[in-house]
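Chemist:
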Amino acid sequence: MSLNSATFAIAQLNPVIGDLVGNCDRILDAVNKLATQGVHLVVTPELSICGYPPRDLLMNQQFVRDMDIAIVNLAQKLPPKIAVIVGTASANPLANQTGGKPLFNSAALLQDGEVKHIFHKRLLPTYDVFDEDRYFAVGTGSQVFTLHLQDGENLRVGVTICEDIWNDEKFWEKRNYADDPVAELTQNHQLDLLVNLSASPYAVGKQKLREAMLRHSAIVHNLPLIYANQVGANDDLIFDGRSMAFNRQGEIIARGKSFAEDLLIVRFDKGGAVPATSDHESNDAEIFAALVLGVRDYVQKCRFRQVVIGLSGGIDSALVAAIAAEAIGKDNVLGVLMPSPYSSEHSITDALALAHNLGIKTHTIPIQPMMSAFDQSLATLFADRSSDVTEENLQSRIRGSLLMAISNKFGHLLISTGNKSEVSVGYCTLYGDMNGGLAAIADVPKTRVFSICEWLNRTNSPLEIKQGSTEVIPVNIITKPPSAELKPDQLDQDSLPPYDILDDILDQLIHQHRSATEIIASGHEQAVVERVVRLVKIAEFKRRQAAPGLKITDRAFGSGWRMPIASKVTS
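Residues 1 to 571, numbered by full-length UniProt numbering, are exactly what the sequence shown covers, in order.
Have a look at this one:
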């Protein structure tokens, strides 16, 4: 069989958005390495030339023209006998006549120094973080090419791009799709192989669904399948890689690394399925790896070298510090302690113990003098009013200003430390603890923060921050009741429901899209549910001004969250 005469490869790459030259160099370097393995066809991820998602860069006509130039130049540099499929954006020549979008989301086949074929994406997602209909026209034309092998045999290869392979009505059962590009391809063409170029963002638990869907496609259409997924983080989105190849029986015969670049050799005649083992022992381990990649890429791609974090002695800043130290190295992390008169002694000692465990530098700045200065400056205006949350928020804003000053002076990236539970209900201070260029755990619920920290302390994984049997997070940070420490004896549960209750309500509200009535019916107290729902709504103006937050769930407060600030919702 001709398929067994061929050797295929997946170049699972981490592009930098907009870096056309650098991304082409990454592809060229990968193909040159693969050329020594006798590879006939290399598949790269969706929009691998410009990186995904390029967003409004696509509205820059010169940028699009430069992409055309880039793939022509790349084709001339590639080893001539190897066919390479790259992701790019290409012009829609009929846009002016039809009034359609000016671009296609495309895949270009490069071989023998030329751009041989251009294939276009058919299905343009507009849900969650996707907004492809804003830029792209629906693809038309043939999605098939003939791969000529050196022994004279030929293979018919069908090309799909990301969403095109997700529209299988039989897999989703209850969904009724009018357009299934894969079914159309297999019905109209005698194919030997199906390939898919993807930029599928990470969400915890998504990989199982992804594997099941792709396995189903291979089995139903009786076709070997190659799936090339982007890896790396771009702004709030993390891409986990995990590229795969399936045989006709739906067995995975090649599997890419998670959260790392990888080059996969695919030979369909060499043995059966690879072991179905995960490279992460738990969801906590997987999320930590995702967040490490998210922080590392954000720091590097935004051209920072070091980060600064406010260390409160609490569990959120402890987790963020651990992520940062793992991502960019302990020597590049500065933890700043800013005790107030309300800070407990253990908050200081816990923060210092954490810094010692991680090996990061610290600096301490007491904020009592600044608190007094603010009190004096506002004394006349506030004379007839008692102290309240205003003074509490001033403490947070003093700390935020100090951290931003350090960021400005030394060029460090400030990473904020608020978790998803707090961000959801507005238990955070604008221009205070929300300050920063990146919100590392803004999509991590508080209960998950505890879980990840407990995992960090017991894991045997080869983490950079793990030194022998030393605990990463001091036990007292995990066991003590959470507190903002902005007034005497303050606890989070003075203002919020217990976090296990709060997180369950938030999960139902945000991820399951349930109404207050439905959440109450699930067993939660009516007053608590109604208060949480109200807090989520009125905190929208804060979230709109927050730093980008790394997305690790299927519903994050980022580019996929589009709630109005001014609204009236009664349910």
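Don't be surprised by glycine CBs; every beta carbon is placed ideally from N, CA and C.
Apart from the five residues on each side of it in sequence, which residues of its chain come closer than 7 angstroms, Cβ to Cβ, to G141?
Modeler: H120
Chemist: Based on the DSSP secondary-structure assignment, which residues constitute the bridge partners of I398?
Modeler: Beta-bridge pairing links I398 to no other residue.
Chemist: Could you tell me how far apart the beta carbons of I27 and L74 are, in whole angstroms, since I believe they sit closer than 8 angstroms?
Modeler: 6 angstroms
Chemist: In the DSSP assignment, what residue or residues form a beta bridge with K361?
Modeler: L334
Chemist: Quick check on Y127: buried or exposed, where buried means 16 or more other Cβ atoms within 10 Å of its Cβ?
Modeler: Under this definition Y127 is an exposed residue.
Chemist: Which same chain residues, not among the five before or five after S421, have their C-beta less than 7 angstroms away from its C-beta?
Modeler: P445, K446, Y499, L502, D503, L506
Chemist: Could you name the residues that DSSP lists as bridge partners for L20?
Modeler: According to the DSSP secondary-structure assignment, L20 is paired through a beta bridge with no residue.
Chemist: Roughly how many angstroms separate the alpha carbons of M1 and L149, rounded to a whole number?
Modeler: In this prediction, M1 scores a pLDDT of 47, lower than 50, which makes its location untrustworthy; no coordinate-derived value is stated.
Chemist: Does the segment 334 to 342 come close enough to the segment 259 to 275 to have 3 or more Cβ pairs within less than 8 angstroms?
Modeler: no
Chemist: Measure the alpha-carbon distance for L155 versus L41 and round it to whole angstroms.
Modeler: L155 and L41: Cα-Cα distance of roughly 11 angstroms.
Chemist: For a quick check, are the C-beta atoms of A108 and V86 less than 7 angstroms apart?
Modeler: yes
Chemist: For F259 versus A212, is the C-beta spacing smaller than 7 angstroms?
Modeler: no
Chemist: My assumption, with CB atoms under 8 angstroms, is that I265 sits in contact with A9. Please give the rounded CB distance.
Modeler: 6 angstroms
Chemist: Quick one: what's got a C-beta closer than 8 angstroms to I538's C-beta in the same chain, skipping five residues either side?
Modeler: G426
Chemist: Could you give the first and the last residue of the continuous alpha helix (DSSP H) run that contains N476?
Modeler: In the DSSP annotation of this structure, the continuous segment of the alpha helix (DSSP H) that includes N476 starts and ends at 475 to 479.
Chemist: Taking 7 angstroms as the threshold (C-beta atoms), are L197 and A233 in contact?
Modeler: no
Chemist: Closer than 6 angstroms by C-beta to P482: which residues in its own chain qualify, once you throw out the five before and the five after it? Chain order, please.
Modeler: D492
Chemist: Does the ligand HEM have a heavy atom nearer than 6 angstroms to the CB of P53?
Modeler: The ligand HEM is not among the ligands present in this structure, which contains no ligands whatsoever.
Chemist: Looking at the structure shown, is S347 part of a helix, part of a strand, or coil, going by DSSP?
Modeler: Assigned with DSSP and collapsed to three states, S347 falls in helix.
Chemist: Would you say L147 reaches chain D, if we count a Cβ-Cβ gap shorter than 7 angstroms as a contact?
Modeler: The chain labelled as chain D is not found in the depicted structure, where only one protein chain is given.
Chemist: Which word fits I69, buried or exposed, when buried means at least 16 other C-beta atoms lie within 10 angstroms of its C-beta?
Modeler: Looking at its Cβ environment, which holds fewer than 16 other Cβ atoms inside 10 Å, I69 is exposed.
Chemist: Run through DSSP, which three-state label would residue 576 get?
Modeler: Shown here, the chain extends from 1 to 571; a query on residue 576 therefore has no answer.
Chemist: Taking 8 angstroms as the cut-off, does the segment 214 to 231 touch the segment 188 to 202 (at least 3 CB pairs, one atom from each stretch)?
Modeler: yes
Chemist: Quick check on the DSSP output: the beta strand (DSSP E) that includes G158 runs from which residue to which?
Modeler: Going by DSSP, G158 is part of the beta strand (DSSP E) stretching over 154 to 161.
Chemist: Within the same chain, show all residues whose beta-carbon is closer than 8 angstroms to that of G18, passing over the 5 residues directly before and after it, in chain order.
Modeler: So the qualifying residues of the chain are C50, G51, P54, L57, F63.
Chemist: For L194, write down the residues that DSSP places opposite it in a beta bridge.
Modeler: In the DSSP assignment, the residues bridged to L194 are G158, L225.
Chemist: Count the other C-beta atoms from every protein chain shown that fall within 10 angstroms of the C-beta of E163, then say buried if there are 16 or more, exposed otherwise.
Modeler: buried
Chemist: Specify the secondary structure class of N14 as computed by DSSP and reduced to three states.
Modeler: coil
Chemist: In the DSSP assignment, the alpha helix (DSSP H) including D262 goes from what residue to what residue?
Modeler: Note, D262: premise wrong, no alpha helix (DSSP H); beta strand (DSSP E) at 262 to 266.
Chemist: Here's the rule: buried if 16 or more other CB atoms are within 10 angstroms of the residue's CB, otherwise exposed. What is I165?
Modeler: buried
Chemist: What span of residues does the alpha helix (DSSP H) with A83 cover, start to end?
Modeler: Per DSSP, A83 belongs to no alpha helix (DSSP H); it is in the beta strand (DSSP E), 83 to 91.
Chemist: Let me know if F239 comes out buried or exposed under the rule of 16 or more other beta-carbons within 10 Å of its beta-carbon.
Modeler: buried
Chemist: Which residue from S522, T553, G313, G549 puts its Cα closest to that of H511?
Modeler: Nearest C-alpha to H511: T553.
Chemist: Considering K116, what are the terminal residues of the beta strand (DSSP E) in which it resides?
Modeler: 114 to 120
Chemist: Hey, is the segment 408 to 424 in contact with the segment 344 to 364, meaning 3+ C-beta pairs nearer than 8 angstroms?
Modeler: no
Chemist: Who are the Cβ neighbours of Y431 in its own chain at under 7 angstroms, not counting the five residues just before and after it?
Modeler: R397, G400
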